[in-house]
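If you read the sequences in order, they're chains A and B. Residue numbering for the first sequence follows the numbering used here, beginning at 1 and increasing consecutively. Residue numbering for the second sequence follows the numbering used here, beginning at 1001 and increasing consecutively. Glycine included, every Cβ here is placed at the ideal spot set by N, Cα and C.
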Amino acid sequence: MQPLSNIESLLYFSPEILLVIFAAAVVLLDLVVKDGESSAVAHLSLAGCICVFAAVLITHFSFGDEGPISLFLGMVRLDVFSSFFKVLLLLATAATILFSLRSDELDARLKGEYYALLLAITLGMFLMASSTNLLMIFISLETVSLTSYILAGFLTHSPRSSEAAFKYITYGAVASGTMLFGLSLLFGMTGSGDLGQISVRLTEFLASGDITPLAVLIAITFILAGVGYKIASVPFHMWSPDVYEGAPIPITAFLSVASKSAGFALFIRFFYAGFGNAELMQAVDWTLMLAIVSALTMTVGNLAALPQQNVKRLLAYSSIAHGGYLLMGGVLLTSEGIGAILFYLVVYLFMNLGAFYVVVLIANEEGTEMIAGYRGLASRAPLVAWAMAIFLFSLTGIPPFAGFFGKWLLFAAVLEQGYYWLALVGLLNSVVSLYYYARIVKAMFLEDAGEETTQVSFSTGTFALLSVFVIPTILIGFLNIFYTFSNISVSVMPMQ
Amino acid sequence: MTLQHYLVISAILFTLGIFAVLTRRNAISILMGIELILNSCNLNFAAFSRFMTPPEDISGQIIAIFGIVLAAAEAAVFLAIILAIYREFGSIRPNEVDTLKG
């Protein structure tokens, strides 16, 4: 189908336009409301999320019969894949807004910009999931990065938070600069910015011997620096523990789930659509490189998590490890592998956001993020402790929780491709990860809190929000929806 | 001047940028290194656009212009963060900003 012109595209672009309108409205409303009544701003941005959600569904179902649509002269593509990620990212944004409302950490005076930035970062992630042009890919990546630097350093008067922002931007700027260099090489080799065109021309030029496979491999390696930094894969993971520890907890939760999902969306779109055709993969063999990166990422993440005492930092390393598991599904770029990644991202969203919500609650009540603060939680707040235990067991991959089914599908995809050693590394890593997750569970259930055994009571709203994460973590694995995810992945297939 | 000349210059710029980021002990110098990296990419895009695509196709030059804008945005955020660092730590030397470890 021909790409639509700029004016025609606007109709299909309504979710993104609505996000911009709501971000502006949040800033304006912030000028009107008095200090201390900032929850109005949060509620407006939440309403924004709901409107955008409706817009995503409407645009998705209104183009259902016509297949994927290319917008803005081929800059952005609207397909099932991008709609899937938009829904996923909106869920993460809405959850982050709710966490921020309930977190004592954030300064009430500054909340207007905070929510506007959250909506802006969501816009960037929407574009990351749908862009099909080198320029658009880079702009969306930078939109997300620049906004997340600011959000990570949002706690003024907190040295931790400023340090997190500083480390984040130093690593991030170098990684995205490296990626831009790789994109420029790719542009130079093919003379086009469009992913579909690049795929066609690379295949053609490699066959005729005009460019060597080595040149393509170098460009891919440079580009992987930028993508790898977004999904925190080794060796571009160094920023992530420090940033996750220093940033406000809701932002940490957001970065670990939404930023990673958007990174994977970009990764899949880029490598599946740009490099996914068989001839190209035969000429340029980068699958082994990806497999090694994946194995290293999970191993480094899990081993570094073992001695951690700070739960936020522990979850940061665990999230690096999960990036490694997710990469397993992308090694050979089969539609089963991609489907497994998509399914695991959904599962990961619920269990990881849930775990971070418990961290927010404990930080509010106890004023600490250390494992010591979780001692005896089972007797003080049994429901919260049980919820946390479910999230942690699901993160480990213990049946019958959703994390088990997610991992199982990833392993199945890897085994099907014949990478037995990679599946073995993943399995060993899951065993290692049980140790550090179980440490938190042990503190909650088996250790005494000491002299203070006061009951901690939480509001009904807290439990309602908690159950939003617990119920899917338990049930998602039993719903027979995996098939749908494989179908979604087919919609990204090379666009020629 | 052929394409090779431009590519060699941009490769040198890129390497100098990475070198500055790795060795400098001052946040402002690191920022300058990052600017070098981004500008080497812009040079690449402009050169490829001039030599590799037909004259009426200016998409490479447009990417370079967007690259300049994004570099400016990045510099603005970076400088703001350096200010915040200076307020909290009284220094902009990265090796003194190290409360988060482990």
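Reference Leu-141 (chain A), options A:Ser-176, A:Asp-210, A:Val-425, A:Lys-34, closest by Cα
Out of A:Ser-176, A:Asp-210, A:Val-425, A:Lys-34, A:Ser-176 has the C-alpha closest to the C-alpha of Leu-141 (chain A).
Supposed close pair Leu-195 (chain A), Ala-273 (chain A) - CB separation, criterion 8 Å
About 5 Å separates the CB atoms of Leu-195 (chain A) and Ala-273 (chain A); that is less than 8 Å, so the two are in contact.
Is the Cβ of Ser-1059 (chain B) closer than 8 Å to any Cβ of chain A?
Judged by the 8 Å Cβ criterion, Ser-1059 (chain B) is in contact with chain A.
By Cβ distance, which residues of its chain are closer than 6 Å to Ala-340 (chain A), with the 5 residues on each side in sequence left out?
Short of 6 Å from the beta carbon of Ala-340 (chain A), and not among the five residues preceding or following it, lie these beta carbons of its own chain, in chain order: Gly-329, Leu-409, Leu-410, Ala-413.
Mark Lys-34 (chain A) as exposed unless 16 or more other C-beta atoms lie within 10 angstroms of its C-beta, in which case mark it buried.
The residue in question, Lys-34 (chain A), is exposed, as its Cβ has fewer than 16 Cβ neighbours within 10 Å.
Under 8 Å by Cβ, that's how I've got Thr-96 (chain A) and Pro-241 (chain A) pegged, so tell me the actual separation to the nearest angstrom.
With 8 Å as the limit, Thr-96 (chain A) and Pro-241 (chain A) do not qualify as a contact, their Cβ atoms being about 20 Å apart.
For the alpha helix (DSSP H) holding Ile-292 (chain A), just list the boundary residues, first then last.
Ile-292 (chain A): member of the alpha helix (DSSP H) spanning 287-305, first to last residue.
In this structure, does DSSP put Ile-1058 (chain B) in helix, strand or coil?
Of the three classes helix, strand and coil, the one that applies to Ile-1058 (chain B) here is coil, per DSSP.
Shorter than 8 Å from the beta carbon of Pro-3 (chain A) to some beta carbon of chain B?
Answer no: the Cβ-Cβ gap between Pro-3 (chain A) and chain B never drops below 8 Å.
Would you mind telling me which residues of chain B sit closer than 7 Å to Asp-242 (chain A), beta carbon to beta carbon, in chain order?
Within 7 Å of the CB of Asp-242 (chain A), the CB atoms of chain B belong to Leu-1100, in sequence order along the chain.
Check whether Gly-477 (chain A) and Phe-405 (chain A) have beta carbons under 8 Å apart
Yes. Within cutoff.
Identify, in the order they occur along the chain, each residue of the same chain with its Cβ nearer than 6 Å to the Cβ of Leu-206 (chain A), setting aside the five sequence neighbours on each side.
Apart from sequence neighbours up to five positions away, the residues of its chain that approach Leu-206 (chain A) with a beta-carbon distance below 6 Å are Ala-283, ordered along the chain.
Tell me the rounded alpha-carbon separation between Phe-1089 (chain B) and Ala-225 (chain A).
The straight-line gap from Cα to Cα measures roughly 30 Å.
For Gly-74 (chain A), which residues of its own chain have a beta-carbon under 7 Å away from its beta-carbon, when the five flanking residues on both sides are left out?
Leaving aside the five residues that flank Gly-74 (chain A) on each side, the residues in its chain whose CB is nearer than 7 Å to its CB run, in chain order, Pro-3, Thr-132, Asn-133, Asp-194.
Any C-beta of chain B sitting closer than 8 Å to the C-beta of Asp-146 (chain A)?
The residue you asked about is not Asp; residue 146 (chain A) is Leu in the sequence shown. A Cβ of chain B is located within less than 8 Å of the beta carbon of Leu-146 (chain A).
Let me know if Asn-1026 (chain B) comes out buried or exposed under the rule of 16 or more other beta-carbons within 10 Å of its beta-carbon.
With fewer than 16 other Cβ atoms from the protein chains shown falling within 10 Å of its own Cβ, Asn-1026 (chain B) counts as exposed.
Establish whether the CB of Phe-485 (chain A) and some CB of chain B are separated by less than 8 Å.
Residue-level contact by beta carbon fails for Phe-485 (chain A) and chain B, as no gap is shorter than 8 Å.
Proximal chain B residues relative to Tyr-149 (chain A), where beta-carbon distance stays under 7 Å:
Those are Val-1077, Ile-1081, listed as they occur along chain B.
Hey, is Gln-309 (chain A) close to the ligand COA, as in C-beta under 7 Å from one of its heavy atoms?
Ligands in the displayed structure: none, and consequently the ligand COA is not present.
Amino acids of chain A, ordered along the chain, whose beta-carbon sits closer than 9 Å to that of Leu-1016 (chain B):
By Cβ distance, chain A contributes nothing, its closest Cβ being about 12 Å from Leu-1016 (chain B), past 9 Å.
Going by alpha carbons, who is nearest to Ala-129 (chain A) out of A:Phe-61, A:Met-370, A:Ser-83?
It is A:Ser-83 whose Cα lies nearest to the Cα of Ala-129 (chain A).
At the 8 Å Cβ level, is Phe-1089 (chain B) part of the contact set with chain A, yes or no?
Phe-1089 (chain B) counts as touching chain A.
Around the C-beta of His-322 (chain A), are 16 or more other C-beta atoms found within 10 angstroms, so that it is buried, or is it exposed?
With 16 or more Cβ atoms within 10 Å of its Cβ, His-322 (chain A) is classed as buried.
Is the Cβ-Cβ distance between Leu-345 (chain A) and Leu-88 (chain A) less than 8 Å?
In terms of Cβ geometry, Leu-345 (chain A) and Leu-88 (chain A) form a close pair [threshold 8 Å].
Which two residues bound the contiguous alpha helix (DSSP H) that contains Ile-97 (chain A)?
Run containing Ile-97 (chain A): 80-102, per the alpha helix (DSSP H) assignment.
Using a C-beta cutoff of 8 Å, does Glu-1056 (chain B) count as contacting chain A?
With a threshold of 8 Å between beta carbons, Glu-1056 (chain B) makes no contact with chain A.
Rounded to the nearest angstrom, how far is the Cβ of Thr-287 (chain A) from that of Val-331 (chain A), given a contact under 8 Å?
6 Å between Cβ atoms; contact.
Give a yes or no on whether 8 Å exceeds the smallest Cβ distance from Ala-1084 (chain B) to chain A.
At least one chain A Cβ lies under 8 Å of Ala-1084 (chain B).
Beta-carbon proximity list for Leu-383 (chain A), same chain, < 7 Å, skipping 5 on both sides:
Correct list, in chain order: Phe-463.
If you count every other CB in all the chains shown that lies within 10 Å of the CB of Gln-496 (chain A), and 16 or more means buried, which is it?
With a pLDDT of 39 at Gln-496 (chain A), under the threshold of 50, the predicted position of this residue should be treated as unreliable, and no value is reported.
Straight-line Cα distance separating Leu-446 (chain A) from Phe-271 (chain A)
Cα-Cα distance, rounded: 47 Å.
Considering Cα atoms alone, identify which of B:Phe-1014, B:Ile-1028, B:Glu-1056 is closest to Leu-1036 (chain B).
Closest by alpha carbon: B:Phe-1014.
Any beta carbon from chain B within less than 8 Å of Arg-201 (chain A)'s own beta carbon?
Residue contact with chain B for Arg-201 (chain A): absent (no Cβ-Cβ distance below 8 Å to any residue of chain B).
Any idea if Asp-518 (chain A) is buried or exposed, counting beta-carbon neighbours within 10 angstroms, 16 or more meaning buried?
Residue 518 (chain A) lies beyond the range of chain A shown here (1 to 496); nothing can be said about it.
Based on Cα-Cα distance, which residue from A:Leu-392, A:Val-470, A:Gly-461 lies nearest to Met-444 (chain A)?
It is A:Leu-392.
Span separating the alpha-carbon of His-237 (chain A) from that of Ile-320 (chain A):
When rounded, the separation of the alpha-carbon atoms in His-237 (chain A) and Ile-320 (chain A) is 7 Å.
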